[in-house]
Amino acid sequence: MHTVSTVAQARALFEVLPRPLGFVPTMGALHDGHLALVTRARDESSAIAVSIFVNPAQFGPSEDFDRYPRDLEGDCAKLHRAGVDVIFAPDVAAIYPEEFSTTVDPGALGTSFEGALRPTHFRGVATVVTKLLNIVRPDVLYLGQKDAQQTAVIRRVVRDLDLPVRVTIVPTEREPDGLARSSRNVYLSSQEREAAPSLHRALQAVRLAMAGGRTKGDALAAARGLLHPLAHLDYLDVVDSDTFEPIDILRPPAFIIGAARFGATRLLDNIWIDA
Ligand code: AMP
């Protein structure tokens, strides 16, 4: 396994790796959710590259960039065991040199839900992913369904800019009690950790109620009632999975999406309604 940190080193390696090359971009602090993406990539590719980069451009000024969990040594050990060929772990200056000024703006898709609460977030995501794809030049890009709106934004960027890569979405890995695995789960106090799975239960309740014929308004109201008192809901809705426009009936392909704060920690979750 090679670990590289400069764009030039990365380019040189990616040119000689066997194809198809699968690529998993991450911000590190790796857990079983990330490893599910790596496993899927390993099953489908001749070589695997993983990037570890906590991207400052996707954090707002009052968000957790400085305290975001970092564990490069532990991450490298996990990726080594998982059979990864190359880890690309650049520092901020390698990705954003001083004169850097270009951004990729995904438009309206990046302005609702997560984008409404984090106005510069998806521009930061779209810019770094475009840049990483140009450095790594993979055949397949692996993304987690856990970040549903991010998958929609990146699929849109790939389509709009004709980026030569296939996008594969991997289902969400969960803790036994249903909580979606996330690097941010380590921030939760024990009480918040107990409260956190109620977000997933609320999403399931929306699915059940709407599948049983209740209106979206009724289903969302009933589901809100299932949230733990420690949960402060940012949004709960049913959206078209490509446009992220709210929809009133559970018509696939759709996502039931939710985001809630537990203390200082924001957690996202969703249920994919497949065709
Ligand atoms: P992050 O390090 O949070 O930027 O995540 C890197 C990639 O892993 C993204 O494509 C995420 O959607 C994906 N991911 C994060 N958590 C999970 C999970 N619990 N299950 C599946 N994929 C995940």
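Numbering (numbering that gives the first Met the number 0), first residue to last: 0 to 274. Just so you know, even glycine gets a beta-carbon here, dropped at the ideal spot from N, CA and C. What you are looking at is a predicted structure, and each value in this text was computed from that prediction instead of being measured.
Which class does residue i belong to by DSSP, given the choice of helix, strand or coil?
i	result
residue 53	coil
residue 233	strand
residue 261	strand
residue 192	helix
residue 164	coil
residue 179	strand
residue 79	helix
residue 69	coil
residue 95	coil
residue 59	coil
residue 150	helix
residue 285	This structure cannot speak to residue 285, because the chain is shown only from 0 to 274.
residue 74	helix
residue 159	helix
Could you check where the beta strand (DSSP E) with residue i kicks off and where it finishes?
i	result
residue 33	Per DSSP, residue 33 belongs to no beta strand (DSSP E); it is in the alpha helix (DSSP H), 31-43.
residue 1	1-3
Which residue or residues does DSSP assign as beta-bridge partners of residue i?
i	result
residue 46	20
residue 238	245 and 254
residue 143	169
residue 270	255
residue 25	51
Do residue i and residue j have their CB atoms nearer than 8 Å?
i	j	result
residue 50	residue 87	yes
residue 232	residue 225	no
residue 46	residue 89	no
residue 140	residue 124	no
residue 92	residue 243	no
residue 69	residue 53	yes
residue 122	residue 82	no
residue 120	residue 203	no
residue 96	residue 155	no
residue 138	residue 19	yes
residue 194	residue 269	no
residue 262	residue 188	yes
Mind checking which residues open and close the alpha helix (DSSP H) that includes residue i?
i	result
residue 85	First-last for residue 85: 85-87, but that is the beta strand (DSSP E), not the alpha helix (DSSP H).
residue 103	That residue, residue 103, is in no alpha helix (DSSP H); it is neither H nor E in DSSP.
residue 124	120-135
residue 199	197-210
residue 15	6-15
residue 114	113-116
residue 138	Counting along the chain, residue 138 falls outside any alpha helix (DSSP H), and DSSP gives it neither H nor E.
residue 217	215-223
Between the Cα of residue i and those of the options, spot the shortest distance and give me the residue it belongs to.
i	options	result
residue 168	204, 249, 247 and 39	39
residue 22	236, 261 and 78	78
residue 234	257, 0 and 266	257
residue 10	161, 134, 63 and 164	134
residue 222	33, 122, 199 and 163	199
residue 94	269, 130, 202 and 145	130
residue 265	251, 191, 151 and 244	191
residue 273	252, 194 and 261	252
residue 182	27, 15, 212 and 246	27
residue 322	163, 241 and 237	Any question about residue 322 goes unanswered here, given that the chain covers just 0 to 274.
residue 101	107, 127 and 118	127
residue 48	149, 194 and 132	132
residue 84	2, 211 and 240	2
residue 267	248, 230 and 64	230
residue 32	250, 99, 247 and 144	144
residue 116	214, 60, 158 and 35	60
Does residue i get closer than 8 Å to chain B when you measure Cβ to Cβ?
i	result
residue 270	Here there is only one protein chain, and chain B is not present.
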